[in-house]
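Order-wise, the sequence lines are chains R, Y and H.
The first sequence: position 208 = 1252 (our numbering), numbered continuously.
The second sequence: position 9 = 499 (our numbering), numbered continuously.
The third sequence: position 722 = 887 (our numbering), numbered continuously.
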Amino acid sequence: MANEVCFRTLHLDEPWTLESYLSVGGYQSLKKILTEKIPADDIIEQLKISALRGRGGAGFPTGLKWSFMPRQTEGQKYIVCNSDEGEPGTCKDRDILRYNPHQLIEGMAIAGYCIGADTGYNYIRGEFWEPYSRFDNALKEAREAGYLGDKLFGTDFNFELHSHLGGGAYVCGEETALLESIEGKKGQPRFKPPFPAGFGLYGKPTTINNTETLASVPVIVEKGGQWFLEHGKPDNGGTKIFAVSGNVKRPGNYEIDMGTPFSELLEMCGGMKDGYKLKAVIPGGSSSPVIPGDQMMDVTMDYDGIQAAGSMLGSGAVIILDDKVCMVNALARLSHFYQEESCGQCTPCREGTGWLSRIMHRIEHGHGKQEDLDLLDKVAGDIMGRTICALGEAASMPVKGFLKHYRDEFQYHIDHKKCMVGAGSK
Amino acid sequence: MPQANNELINAASRVDIDQWVAKYPADQKQSAVMAALRIVQDQNGGWLTTALMDAVADYLDMDKIHVYEVATFYSMYEHKPVGKHKICVCTNISCMVCGSGEIVEHLEDKLDIKMGGTTEDNRFTLKEVECLGACSGAPMIQIGENYYENLDAERIDKILDELK
Amino acid sequence: MVTIEINGQQVEAEQGQMLIEAADKAGIAIPRFCYHKNLSISASCRMCLVEVEKAPKPMPACATPVADGMVVNTQSTYALAAQKSVMEFLLINHPLDCPVCDQGGECDLQEFSIGYGDDKSRYAEIKRVVKDKNIGPLVATELTRCIHCTRCVRFGQEIAGMRELGATGRGDWMEIGTYISKSVDSELSGNIIDLCPVGALTSKVSRFTYRVWELASNDSISAHDCVGSNCNVQTKNGEIKRVIARENDAINDAWISDRDRYSFEGLQSDERLTTPMIKKEGKWAEASWDDALQFAVNGLKDIDDKTQIGAICSPSASTEEMYLLQKMMRGIGSNNIDHRLRQSDFSAQDQDPVFPGLGMSVADISAQQAVLVIGSNVRKEQPIMGHQLRQASLNGANISFVNPVDFDFNFNVAHAFTIAPSHIFKELKVLAKATLENSLSAAPGGLAALVSSVKVTDEHKQCITELSEADNSVVMLGTLIQAMPNYASIRMLASYIADATNSTLSYLSPGANTAGAYLSGLLPNRTHVSQATSTNTDGLNTQAMLNANLKAYLLYGIEAERDLDKPVQAVNALNNAQFVVSLSAFVTDAIKAHSDVILPVAAMTESSGTLINAAGSWQSFTAVSKAKGLSKPGWKVLRVMGNLFNIGGFDYQSSEDVINELKSEGQSETSKSSNQISWMCPENISAQTSDVQRIAELPIYNVDAVTRRATALQQTQDAQVDCARINSALAKKLKLEESQPVTAKQGDNTADVTISIDDRITDNCVYLPAGNVAASSLGGGFDAIELLSKS
Ligand SMILES: Cc1cc2nc3c(=O)[nH]c(=O)nc-3n(C[C@H](O)[C@H](O)[C@H](O)COP(=O)(O)O)c2cc1C
Ligand code: SF4
Ligand code: FES
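See the structure below:
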């Protein structure tokens, strides 16, 4: 079974409308919680049982995160959704916004109820004009139907939700950069502590979750934590959307049970396109270390499974690299990305990403030196663990991964000043 | 003290900006700066001038330098004139693997400009961008507000022909 | 208190403190670039990474709060590896131009790189180059050297209160600058030079004129306002090359004003007087010290009636100089001694406090919860006092102003009562009435009747409520109010408001040493031993001396046409006198025109002495630079003159002898002002409403002879005050336009000025500052004025 959670409207004609959403039982979870006055702690407990982990990349247990909020204390609090979706390879949140926006709205309202927030913001990346319009339209529908606003379902729970559009900066996906961005500033991550649960948006306690995380909540509330958990593995609950890109026959978003073997996922995608062979997989978005294809065939698609293989599930973006891909070229492109996207505030990332990218550019263009290979590894190592946010790690891990598995291709570039694969630089 | 010319922001843009301002707490007007910059950029044919940024600063009670910081941090703001249609080509990993190289070549040939350039008739600007979050539709481009996915040379020709 | 362990050493720290603060206190050095104790934490340079037991990653000491039992190592292999890698990252894009960099020798980057950097860079790529920008006359930029610590940006935002610099762009193409070409105009801008840990921001004034290791570093005191900021004056071969801030948490934190930083340039002016000069039969000639001193003394001795001699002294002279000057004058038989150059109402001088001061420390100002400032553009007059008020405001204080101009402040103004000088007394009556209505005590005699006809508004009430409800509050009299015609009456009401709202009455005083002048008896109505009236105290004040057309004058550190109110009248009195002695560091045609002998006295930095600031802190300084030519410290000149007059008691070996004598005769460093004035109901004054009135502020870079000659300061935006400002209503009434040339006329005195339209000026007033060239041909600072268009 697929598409049971975030994509549960996908089979319908206009899946994004309120009507469609109501037809699959939409807003019933919110209604139940409010009218039956289910205590927030009970819902959080269900989330903990469900083993829902953050779908934005870090995989932090969602129930635990919500429990950090100072719910009992007076004052403004916020729930913020992260629809910045900028990690190369990742394109799942876009489809949630496009095809099932109401489920996200319901999820955010439930989150607001649980953490004591009456206001939410959904940070949508600036390029997502169509998804933003769909979402904003859904907000309008929800408001008109009484699912947003004051005194929902006649209770004294108020909840208002707004979208905020980004302006083109990957780093704004980092949760505190995102908050800065909503505050009308450059998206520069904050040093933590203090954490958003204590000092978040406008200095108020704030919870930030990924789109997919929040959109999963209504179904968990409806069907129970246990149901969700059983779709995955212990500690790796639920279904997960895997965004598959690359030269497979049917690239796309697949919402499947956590723990599904990669080989099955590949099959769902119709296998490799004709004329292409599987070479390697970046299993969790561009910052997760690459894994050689044959090794990948034995991996199950869940946090622990991919970690055991030396990489990360991350955002669930599965980038298929085929036999025509030059690994030097691929890493050079990624390094360029991180150089472009570093926010520039902390030294190791600002200087290190540029350095990595310049070395990679040289190697790719046949000006590599033997020392460069060790230097790459060392510069990547010097960034890791020393930056304000995880963009530093994100930039370094691919370098380490590519070097570990494909050092021979780098060596070939240095020795022969050209590409081993032939399909190298265009 | 020289005041930025508020008149630069036209009435329709103001209405639009005010709608954004209303989303944030009353003492957090500056949260609307990104929206305001996008709105005045659209009003101005796709790029920002210093005068427009100053006008936004004025409109939202912000320091000018703060607005400059925001406007130069985010990649969707343009500081030089662009063509009527800004074609953003993703060349990041998924698109690259699926042939964005050829897409770039084709566009450059067809429009007879390089990446970053604008055609002489000011109709098209080519811009290389980072991942746009449509990777399973690679290779892809964005023109204006629209995404175009699963491209090849032929589709691109059709798309460009249909643009006014 | 918590106990932590750093490098095996037990360190006590306060809860909530960051590791780096605790380490700094304990004297354990942790390298840093972005951290500065007076700025917010950015934790971005990562230079301060240290090992914290149980932490998964190296932690930035500047942003890691201490916790009891924390075990920290700042020098373990693990910590050093992190610090070293940060150093390497910083250096890859940093130019290797130390030999031509002004920061060379005191560059944090250079210093740490000796400790951490590798000899050979592994960076083989092209270095980043940043195009330079002109950000004004004071600060030079070399932004290729910038390491993005953002101290300068945070300074602008947090301290200067003007966000002028920013970091535009992102990633490794992020740049510090103003983005558009624009000067940085804050009156505190030079502090970013001190803050910049590398050579990206340096002083435009002194650049390329020294290498750091050639400089001798000397602690000193700033001498341009009553704050007495602590500074460090650095010299090469006895010539001042630069002035930087010296930390003093009770006064100026880590900052000094641009005036205190850049005024020294004036000391190198061509107008410095290098040798004594005598005028004989209308001709000026250089003279030896002996001849000149004898000539001066003889000239004064020739005046039979010694009460026909008057001495007028700069309020920025040292306490020693002031003390000796009044001692000499009283010794020869005249009490005509004053330092109050612009005051016009002396009627209540016998009620003056021991010295007009804050009644608290400078830093205490930042702890006030409500402040009412009367007659002051404090931000430009005493920039550091402005800084303290801004800190108070950021801490939530309500700060209100009664002013003739709606001056720009870099903090929130709770209430601005902007009103013409002639109406300020009435405004104070309103505030006094609001106070009375708010107060539980009975009205002091006559007050109720005095204020019976005025109407209190909610805003006045609010302002008074804020004062009375605050635990710490101040009613502050600024230098503008002290120069106004109704000063005594206004002060009486201010004093009542302060008393009744349980606020401190504070004074901001002109010059650097008004407190010293009061304490040393440089006043016609009291000596250094008598706080109020006593014998030898029947002298004339400045205005009276000039009105009386005395036979002889002694000017000490004064440029008459610039420093005195009613300059034309003042210069006339000097011209008509039989004999004028000028003790001055500068010589100009104007000084020559009205003097008979000019004695070159050394500038403050070339002499030793003591300044007493508005908080009553006695701060002594020593000579740090070489006296120009033959000029001599003022106290030495006065010592010789005292001896030539045979007064006795002028045998001082050093300036310390002088100050010690003052102390032994009753003034102590702890003499504090209570500032309380006993109530005497002022008479009612009704303002004449028809005349257009002048407002004469003394602009920031026109306060004294040295500042006026500091060329870079004179190029700043703040120095561009050569115009007559009026609001648009008055412009309309007088049919005047922006930039129109007009003749300003006060009685028989006229000056050519251009109009600038500025709606911060109150109705029916012309803002035409004192101290500049145009003003020297005009009349009283707050007298009636006409503007005649020149067709
Ligand atoms: C550089 C960087 C980029 C990120 N981009 C995204 C993103 O686009 N979307 C997202 O949901 N989380 C992103 N994250 C993760 C967020 O910081 C955060 O962990 C997440 O939004 C939390 O939600 P979750 O717990 O539901 O996953 C990013 C993190 C980093 C360091
Ligand atoms: S790691 Fe990079 S993106 Fe993150 S704060 Fe540092 S410079 Fe900015
Ligand atoms: S001093 Fe701590 S990070 Fe800069």
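Every residue gets a Cβ at the ideal spot worked out from N, C-alpha and C, and that includes glycine.
#1: On the DSSP letters alone, give me the boundaries of the beta strand (DSSP E) that ARG890(H) sits inside.
#2: With a threshold of 7 Å (Cβ to nearest heavy atom), would ARG293(H) be considered close to ligand 2?
#3: Show which residues of chain R have a CB atom less than 7 Å away from the CB atom of LYS513(Y).
#4: Should LEU1435(R) be listed as close to ligand 1, given that the test is whether its C-beta is under 7 Å from any heavy atom?
#5: Closest Cβ-Cβ distance between GLU329(H) and chain Y: below 8 Å?
#6: Does any residue of chain H have a CB that is nearer than 8 Å to the CB of GLY1396(R)?
#7: Is the segment 794 to 811 of chain H touching the segment 433 to 450 of chain H in the sense that three or more CB pairs, one from each, lie closer than 8 Å?
#8: Between the Cα of GLY431(H) and the Cα atoms of TYR932(H), ALA884(H) and THR876(H), which residue gives the shortest distance?
#9: Looking at the C-beta of ILE555(Y), does it have a partner C-beta in chain H at a distance below 8 Å?
#10: Could one say the Cβ of GLU1171(R) lies closer than 8 Å to chain H's Cβ atoms, at least one of them?
#11: Given a cut-off of 8 Å on the beta-carbon distance, is the pair ILE920(H) and ALA889(H) in contact?
#12: Looking only at DSSP bridge pairs, what is ALA476(H) linked to?
#13: Does DSSP put TRP783(H) in a helix, a strand or coil?
#14: For PHE563(Y) and chain H, any beta-carbon pair shorter than 8 Å?
#15: Across which residues does DSSP place SER1127(R) in a beta bridge pair?
#16: What residues match up with ASP962(H) in a beta bridge as DSSP calls it?
#17: Quick one: does TYR549(Y) have its CB under 8 Å from some CB of chain H?
#18: For VAL805(H) and LEU632(H), I'd like the C-alpha separation in whole angstroms.
#19: Could you check which residue in GLY610(H), SER509(H), ALA635(H) and SER617(H) has the C-alpha nearest to that of ASN563(H)?
#20: Indicate whether at least one CB of chain H lies closer than 8 Å to the CB of PHE1243(R).
#21: Quick one: list the residues of chain H neighbouring GLY1070(R), beta-carbon separation under 7 Å, in chain order.
#22: So that I know if they touch, is there some Cβ in chain H lying closer than 8 Å to that of LYS618(Y)?
#23: Going by DSSP in three states, ARG319(H) sits in which element: helix, strand or coil?
#24: How long is the line joining the alpha carbons of ASP1452(R) and VAL1372(R), rounded to whole angstroms?
#25: Using 10 angstroms around the beta-carbon of ARG424(H), count the other beta-carbons present and answer buried if the total reaches 16, otherwise exposed.
#26: Determine, using beta carbons only, whether ALA653(H) and ALA513(H) come nearer to each other than 8 Å.
#27: Just verifying my parser: in three-state terms, what is the DSSP assignment at ASP1318(R)?
#28: Going by beta-carbon coordinates alone, are ALA599(H) and LYS626(H) separated by less than 8 Å?
#29: Among residues of its own chain, excluding the 5 on either side of MET491(Y), which ones have a beta-carbon nearer than 6 Å to its beta-carbon?
#30: In the DSSP assignment, find the alpha helix (DSSP H) that holds MET1404(R) and state where it starts and stops.
#31: Does the separation of the CB atoms of PRO1305(R) and THR1344(R) fall below 8 Å?
#32: I'd like the list of long-range same chain contacts for ASN383(H), defined as Cβ closer than 6 Å, with 5 residues on each side in sequence excluded.
#33: Does TYR558(Y) come within less than 8 Å of chain H when only Cβ atoms are used?
#34: Just to check my reading of the structure: THR309(H) and ARG293(H) have Cβ atoms closer than 8 Å, yes? What is that Cβ distance to the nearest angstrom?
#35: Once DSSP output is grouped into helix, strand and coil, what is the label at PHE566(H)?
#36: Can SER278(H) be considered in contact with ligand 3, in the sense that its beta carbon sits closer than 7 Å to one or more heavy atoms?
On the basis of the coordinates in this document:
#1: As a working note, residue 890(H) is residue 725 in the third sequence. That run of the beta strand (DSSP E) goes 889 to 891.
#2: Position 128 of the third sequence, counted from the first residue, corresponds to residue 293(H). In this structure, ARG293(H) has its CB at a distance of at least 7 Å from all heavy atoms of ligand 2.
#3: As a first step, residue 513(Y) must be located in the second sequence, where it is residue number 23. Those are HIS1206, listed as they occur along chain R.
#4: Position 391 of the first sequence holds residue 1435(R). Yes, the Cβ of LEU1435(R) comes within 7 Å of a heavy atom of ligand 1.
#5: For the purposes of this step, residue 329(H) is taken as the residue at position 164 of the third sequence. Cβ-Cβ to chain Y under 8 Å: yes for GLU329(H).
#6: Working through the first sequence from its first residue, we reach residue 1396(R) at position 352. Answer yes: the Cβ-Cβ gap between GLY1396(R) and chain H drops below 8 Å somewhere.
#7: yes
#8: Working through the third sequence from its first residue, we reach residue 431(H) at position 266. Measuring from the Cα of GLY431(H), the nearest candidate turns out to be THR876(H).
#9: Looking up residue 555(Y) in the second sequence gives position 65. At least one chain H Cβ lies under 8 Å of ILE555(Y).
#10: Here residue 1171(R) refers to the residue found at position 127 when the first sequence is read from its first residue. For GLU1171(R), the answer is no, since every Cβ of chain H falls outside 8 Å of its Cβ.
#11: Indexing the third sequence from 1 puts residue 920(H) at position 755. Indexing the third sequence from 1 puts residue 889(H) at position 724. Judged by their CB atoms, ILE920(H) and ALA889(H) are nearer to each other than the 8 Å cut-off.
#12: Numbered from its first residue, the third sequence carries residue 476(H) at position 311. Note: ALA476(H) sits in a beta bridge opposite ILE502(H) and LEU719(H).
#13: Within the third sequence, residue 783(H) is the residue found at index 618, counting from 1. TRP783(H): strand per DSSP, three-state reduction.
#14: Locating residue 563(Y) in the second sequence gives position 73, where the first residue counts as 1. At least one chain H Cβ lies under 8 Å of PHE563(Y).
#15: Counted from its first residue, the first sequence places residue 1127(R) at position 83. Per DSSP, the beta bridge partners of SER1127(R) are ILE1168(R).
#16: The structure shown does not extend to residue 962(H), since chain H is modelled only from 166 through 956, so no value can be given for it.
#17: Taking the second sequence and counting its residues from 1, one reaches residue 549(Y) at position 59. Interface flag for TYR549(Y) against chain H is unset, since no Cβ pair is found closer than 8 Å.
#18: Locating residue 805(H) in the third sequence gives position 640, where the first residue counts as 1. Locating residue 632(H) in the third sequence gives position 467, where the first residue counts as 1. Roughly 52 Å separates the two Cα atoms.
#19: In the third sequence, the residue the question calls residue 563(H) occupies position 398. Closest by alpha carbon: ALA635(H).
#20: For this step, residue 1243(R) is matched to residue 199 along the first sequence. It does not: the Cβ of PHE1243(R) has no partner Cβ on chain H nearer than 8 Å.
#21: Within the first sequence, the letter at position 26 stands for residue 1070(R). In chain H, no part has a C-beta under 7 Å from the C-beta of GLY1070(R); the shortest such distance is about 40 Å.
#22: As a position in the second sequence, residue 618(Y) is number 128, starting the count at 1. In the sequence as displayed, the identity of residue 618(Y) is Glu instead of Lys. Answer no: the Cβ-Cβ gap between GLU618(Y) and chain H never drops below 8 Å.
#23: Stepping through the third sequence from its first residue, residue 319(H) is reached at position 154. Correct three-state label for ARG319(H): helix.
#24: Mapped onto the first sequence, residue 1452(R) falls at position 408. Mapped onto the first sequence, residue 1372(R) falls at position 328. Approximately 10 Å, taken between the alpha carbons.
#25: What you label residue 424(H) is simply residue 259 of the third sequence in a count that begins at 1. Classification of ARG424(H): buried, given that the 10 Å Cβ count is 16 or more.
#26: The residue you call residue 653(H) lines up with position 488 of the third sequence. The residue you call residue 513(H) lines up with position 348 of the third sequence. Cβ atoms of ALA653(H) and ALA513(H): closer than 8 Å.
#27: Counted from its first residue, the first sequence places residue 1318(R) at position 274. DSSP places ASP1318(R) in coil when its eight states are reduced to three.
#28: Within the third sequence, residue 599(H) is the residue found at index 434, counting from 1. Within the third sequence, residue 626(H) is the residue found at index 461, counting from 1. Annotated as proximal: ALA599(H) and LYS626(H), with beta-carbon spacing under 8 Å.
#29: In the second sequence, the residue the question calls residue 491(Y) occupies position 1. Legend: pLDDT at MET491(Y) = 37, less than 50; position of this residue unreliable, value from coordinates given subsequently. Here the set comprises nothing.
#30: Start at 1 with the first residue of the first sequence, and residue 1404(R) comes out as number 360. That run of the alpha helix (DSSP H) goes 1391 to 1408.
#31: Residue mapping note: residue 1305(R) aligns to position 261 of the first sequence, counting from 1. Residue mapping note: residue 1344(R) aligns to position 300 of the first sequence, counting from 1. Against a cut-off of 8 Å, the Cβ pair of THR1344(R) and PRO1305(R) comes out as a contact.
#32: Here residue 383(H) is taken as the residue at index 218 of the third sequence, counted from 1. Contacts found: VAL398 and VAL789.
#33: Locating residue 558(Y) in the second sequence gives position 68, counting from the first residue. Cβ-Cβ to chain H under 8 Å: yes for TYR558(Y).
#34: The residue you call residue 309(H) lines up with position 144 of the third sequence. The residue you call residue 293(H) lines up with position 128 of the third sequence. Between ARG293(H) and THR309(H) the Cβ distance is about 7 Å, and since that is below 8 Å, they are a contact.
#35: Counting from one through the third sequence, the residue named residue 566(H) turns up at place 401. Of the three classes helix, strand and coil, the one that applies to PHE566(H) here is strand, per DSSP.
#36: On the third sequence, position 113 is the one that residue 278(H) refers to. No, since every heavy atom of ligand 3 falls outside the 7 Å radius drawn around the Cβ of SER278(H).
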